[in-house]
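Visitor: Questions regarding the structure given below will be posed in turn.
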Amino acid sequence: MKTEKIRKTIEKYGNDQEHLMLILRELEHQSGKNVLDVATLEAVAGEMNLPESALAGFVDFYTMFKTKPRAKFVIRVCKSGPCHVMGSTTIFDAVTKHLGIGIGEGTKDGMFFLEKCECLGVCSVAPAMMVNYDLHGNLTPKRIKTILDSYRKKKPTAGENCGPEVEGKACVIDDKRQTKRLLEQVGVVDPLKIDSYIGKGGYSALKKALEKKPAEIIDIVKDSGLRGRGGAGFPAGMKWSFVTKGPMQKYVICNADEGEPGTFKDRILMEENPQLLVEGMAICGYAIDASMGYIYVRGEYRRSIERLQAAIDQARAKGMLGENIMGSGFSFDVFIKEGGGAYVCGEEMSLINSMEGVRGYPRFKPPFPGGAGFKNLPSNVNNVETLMSVPMIIEKGAEWYRSVGPTNCSGTKLYCLSGKLNRTGLVELPMGATLKEIIDVYGKGMKKGSKFKFAQVGGSAGGVLGKDLMSLPLDIDQPIKQGVTLGSGVVLVCDEQTCAVDFLLQILSFFEHESCGQCVPCRVGTVQLHHLAKKFASRTADPSDIDLMVQKAELMKKASLCALGQSPIMPITTILKYFRKEFEKHCDSGHKCAACDASLRRYYSSAATH
Numbered sequence: 054m055k056t057e058k059i060r061k062t063i064e065k066y067g068n069d070q071e072h073l074m075l076i077l078r079e080l081e082h083q084s085g086k087n088v089l090d091v092a093t094l095e096a097v098a099g100e101m102n103l104p105e106s107a108l109a110g111f112v113d114f115y116t117m118f119k120t121k122p123r124a125k126f127v128i129r130v131c132k133s134g135p136c137h138v139m140g141s142t143t144i145f146d147a148v149t150k151h152l153g154i155g156i157g158e159g160t161k162d163g164m165f166f167l168e169k170c171e172c173l174g175v176c177s178v179a180p181a182m183m184v185n186y187d188l189h190g191n192l193t194p195k196r197i198k199t200i201l202d203s204y205r206k207k208k209p210t211a212g213e214n215c216g217p218e219v220e221g222k223a224c225v226i227d228d229k230r231q232t233k234r235l236l237e238q239v240g241v242v243d244p245l246k247i248d249s250y251i252g253k254g255g256y257s258a259l260k261k262a263l264e265k266k267p268a269e270i271i272d273i274v275k276d277s278g279l280r281g282r283g284g285a286g287f288p289a290g291m292k293w294s295f296v297t298k299g300p301m302q303k304y305v306i307c308n309a310d311e312g313e314p315g316t317f318k319d320r321i322l323m324e325e326n327p328q329l330l331v332e333g334m335a336i337c338g339y340a341i342d343a344s345m346g347y348i349y350v351r352g353e354y355r356r357s358i359e360r361l362q363a364a365i366d367q368a369r370a371k372g373m374l375g376e377n378i379m380g381s382g383f384s385f386d387v388f389i390k391e392g393g394g395a396y397v398c399g400e401e402m403s404l405i406n407s408m409e410g411v412r413g414y415p416r417f418k419p420p421f422p423g424g425a426g427f428k429n430l431p432s433n434v435n436n437v438e439t440l441m442s443v444p445m446i447i448e449k450g451a452e453w454y455r456s457v458g459p460t461n462c463s464g465t466k467l468y469c470l471s472g473k474l475n476r477t478g479l480v481e482l483p484m485g486a487t488l489k490e491i492i493d494v495y496g497k498g499m500k501k502g503s504k505f506k507f508a509q510v511g512g513s514a515g516g517v518l519g520k521d522l523m524s525l526p527l528d529i530d531q532p533i534k535q536g537v538t539l540g541s542g543v544v545l546v547c548d549e550q551t552c553a554v555d556f557l558l559q560i561l562s563f564f565e566h567e568s569c570g571q572c573v574p575c576r577v578g579t580v581q582l583h584h585l586a587k588k589f590a591s592r593t594a595d596p597s598d599i600d601l602m603v604q605k606a607e608l609m610k611k612a613s614l615c616a617l618g619q620s621p622i623m624p625i626t627t628i629l630k631y632f633r634k635e636f637e638k639h640c641d642s643g644h645k646c647a648a649c650d651a652s653l654r655r656y657y658s659s660a661a662t663h
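If you read the sequence shown in my numbering, its first letter stands for residue 54, the second for the next number, and so on.
Okay, structure coming up:
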């Protein structure tokens, strides 16, 4: 690539290292073969006065970047939980058969390159794949030829050719029995027009907030009982109050790195009502005396990024962002940061490192972001669902917000339904809905011919629930007592055809792939756990390996630096609680298991490991 083109790209975004992700993404796209070659990286390092080793390490860390030529169109077929349960191995088979290539290989004409990937955030229409940034769901082997052949006549785009089935509003369950608050305006407001949002009462909460003192806003959020909706469930108002006081620059950071397999709620919210997020961030900014906000969006979410950017631009033009908002003297602006395909960046300190243009490694705590976050300055980090709940709390009051849900977990929760149900999608219910209600009422029961086996709750970092816990309230606190976590709200329902060993194999494969490698317990432990899971899948394990797997996961929980390494214990122990006998059967070399055989053939062949 010519040095002049590289120089112009750097000038477009700025020479600061925090813009490295955007610079490299654009240069990769300009290459025509989705590649960042050595010469390009050397030139970028020279222009930005960065060590070449820093560039190499950065690109190696983020899975969306590659240093070897791929093709005009990169096909990424999802292999995470929901897609795997719904038959992603058959989609891989169809792609390889049609194109004559394996995973990690490209066609001779330079048109297509095939990769396996983790969750794409369209789990309700699994199995799914992404061609460059175009998402396609509800895939069947028969559809593959039609979809791929259509790309031979297309130019690469940034997500303009997505299938209609992945549209945000199409993934919301249409059922009047829901308690719609966050989803109330989905399909009602035009996400591309701020006047549509304002016409439905948008930004009235910000106006109301600006008429109060910042401390009053924090007290209202505290009184509402709003707890973080990203997984940890920490009280939002309390978190806001922890931000260091004083005249220094402060930041509001929205964690939109929705990478937990089975989760797609934030994508839908950002695509269908982006102004609500902007308003929530502005209110938070006013409350903590911050003048800048950042939305860190996972790189796979191109449509979310585009709609958020349009919303931000329109909010500035309307005076809802920028200097002296609504004549109040309060100034606040919002910018977008993009991820690069690293699950660990969902952890707040990893996310902040990524924002600064370095590897997304976790940081030791303390200090916490409230004292030393982005650029080592006070920062408040909240999830999309959390921040979008704020305007309604300010507008309608803390008591109104507490009117639904249990006392300790007030408000509604977005549940992401996927798997072997008659109806999948996003549903909003009072916090604490039971698994039985979610499956029978909103999922319309199991698919014909399917019999319930278990439900994964909370994604790969969560655990599984069996038939004995169908009446368990799925709020923030109750599942923890049963060894699982609600997390981001994933409810992946599996039937009797799902092999528990194969299911755990995919989870542990995910953790090995996503470990950042910074701390030894996680770097080594995830490899060892995945190795043990493969032994069970290949029927070469010993019964003693069952307890060995638990012991290793328990050690990781105690010794790992961040939540990623602390997470495998939950799926392992809950799956073994119900299906230990399945693992014992898989210790018999003569045991037959088509599911495990398909996974081993598809994901662990020589080509698949590239």
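Ideal Cβ placement from N, Cα and C applies to all residues, glycine included.
1. Can you tell me whether Leu245 is buried or exposed, with buried defined as 16 or more other CB within 10 angstroms of its CB?
2. Could you name the residues of the same chain whose beta carbon sits closer than 6 Å to that of Phe564, not counting the 5 residues immediately before and after it, in chain order?
3. Opposite Pro526 in the DSSP bridges: which residues?
4. By the three-class DSSP mapping on this structure, what secondary structure does Ser659 have?
5. Which residues in the same chain have their Cβ closer than 8 Å to the Cβ of Glu607, if we skip the five residues on either side of it in sequence?
6. Just list the residues that DSSP pairs Met183 with in beta bridges.
7. Count the CB pairs spanning the segment 631-640 and the segment 571-591 that are closer than 8 Å, and state whether there are at least three.
8. Does the separation of the CB atoms of Ile378 and Leu361 fall below 8 Å?
9. Using a Cβ-Cβ cutoff of less than 8 Å, which residues in the same chain neighbour Asp146 once the five nearest sequence positions on both sides are dropped?
10. Let me check one thing: in DSSP terms, what residues is Met609 bridge-paired to?
11. Any idea what DSSP makes of Glu168, helix, strand or coil?
12. What residue range is occupied by the uninterrupted alpha helix (DSSP H) comprising Met665?
13. Measure from the alpha carbon of Arg282 to the alpha carbon of each residue in Lys520, Phe556, Met484, then state which is nearest.
14. So, do the segment 312-332 and the segment 423-442 have three or more beta carbon pairs nearer to each other than 8 Å?
15. I'd like to check one pair, Gly159 with Ala124: are the Cβ atoms closer than 8 Å?
16. Just the C-alpha distance for Val305 and Glu269, rounded to the nearest angstrom, thanks.
17. From Arg78, Ser141, Ala340, Ala92, pick the residue whose C-alpha is nearest to that of Tyr115; which is it?
18. Run the CB neighbour count on Arg280, radius 10 Å, all protein chains shown included, and call it buried at 16 or more, exposed below.
19. Which one of Asn475, Gly519, Ser613 has the shortest CA to CA distance from Val573?
20. Does Pro420 come out as helix, strand or coil in the three-state DSSP assignment?
21. For Gly67, does the count of other Cβ atoms within 10 angstroms reach 16, so buried, or fall short, so exposed?
22. Where do the N-terminal and C-terminal ends of the beta strand (DSSP E) with Ile348 fall, by residue?
23. Spatial neighbours of Ser84 within its chain, please: CB distance less than 7 Å, with the 5 preceding and 5 following residues excluded, ordered by chain position.
24. Would you decide whether Glu264 is buried or exposed? Buried here means 16 or more other CB atoms lie within 10 Å of its CB.
25. Alpha carbon to alpha carbon, how far is Cys552 from Val138? Give it in angstroms, no decimals.
26. Since Asp548 sits in a beta bridge, which residues does DSSP pair it with?
27. Near Gly382, what residues of its chain come up, given a Cβ to Cβ distance below 6 Å and the 5 sequence neighbours on each side ignored?
28. Would you give the residue range spanned by the beta strand (DSSP E) that Ile689 belongs to?
29. Looking only at its own chain, which residues have a Cβ that is under 6 Å from the Cβ of Met373, when we skip the five neighbours before and after it?
30. Do Ser384 and the ligand ADP come close, with the Cβ less than 7 Å from some heavy atom?
31. Please classify Glu400: is it buried, with 16 or more other beta-carbons within 10 angstroms of its beta-carbon, or exposed?
32. For the segment 356-371 and the segment 412-424, state whether three or more C-beta atom pairs, one from each stretch, are separated by less than 8 Å.
33. From which residue to which residue does the alpha helix (DSSP H) around Thr465 run?
34. Could you check whether Gly478 and Ser141 sit closer than 8 Å to each other, using their CB atoms as the reference points?
35. So, using beta-carbon positions, are Ser513 and Glu313 closer together than 8 Å?
36. Per DSSP, what kind of secondary structure is Met301 in: helix, strand or coil?
Guide: Short version:
1. exposed
2. Thr579, Pro621
3. Thr487
4. Legend: pLDDT at Ser659 = 43, less than 50; position of this residue unreliable, value from coordinates given subsequently. Of the three classes helix, strand and coil, the one that applies to Ser659 here is coil, per DSSP.
5. Ile622
6. Arg129, Leu188
7. yes
8. no
9. These residues qualify, in order along the chain: Pro194, Arg655.
10. Bridge partners of Met609: none, in fact.
11. strand
12. Since the first and last residues shown for the chain are 54 and 663, residue 665 lies out of range.
13. Met484
14. yes
15. The answer is yes: Cβ separation under 8 Å.
16. 18 Å
17. Arg78
18. Result: buried.
19. Ser613
20. coil
21. exposed
22. 345-350
23. Met54
24. exposed
25. 9 Å
26. Phe505
27. none
28. Because the chain is modelled from 54 through 663, residue 689 falls outside the range shown and cannot be assessed.
29. Excluding five sequence positions before and after Met373, the CB atoms of its chain that fall closer than 6 Å to its own CB belong to Tyr256, given in chain order.
30. As presented, the structure is devoid of all ligands, the ligand ADP included, so that no description of it is given.
31. buried
32. no
33. From DSSP, Thr465 is part of no alpha helix (DSSP H) but of the beta strand (DSSP E) over 465-472.
34. Cβ atoms of Ser141 and Gly478: not closer than 8 Å.
35. yes
36. coil
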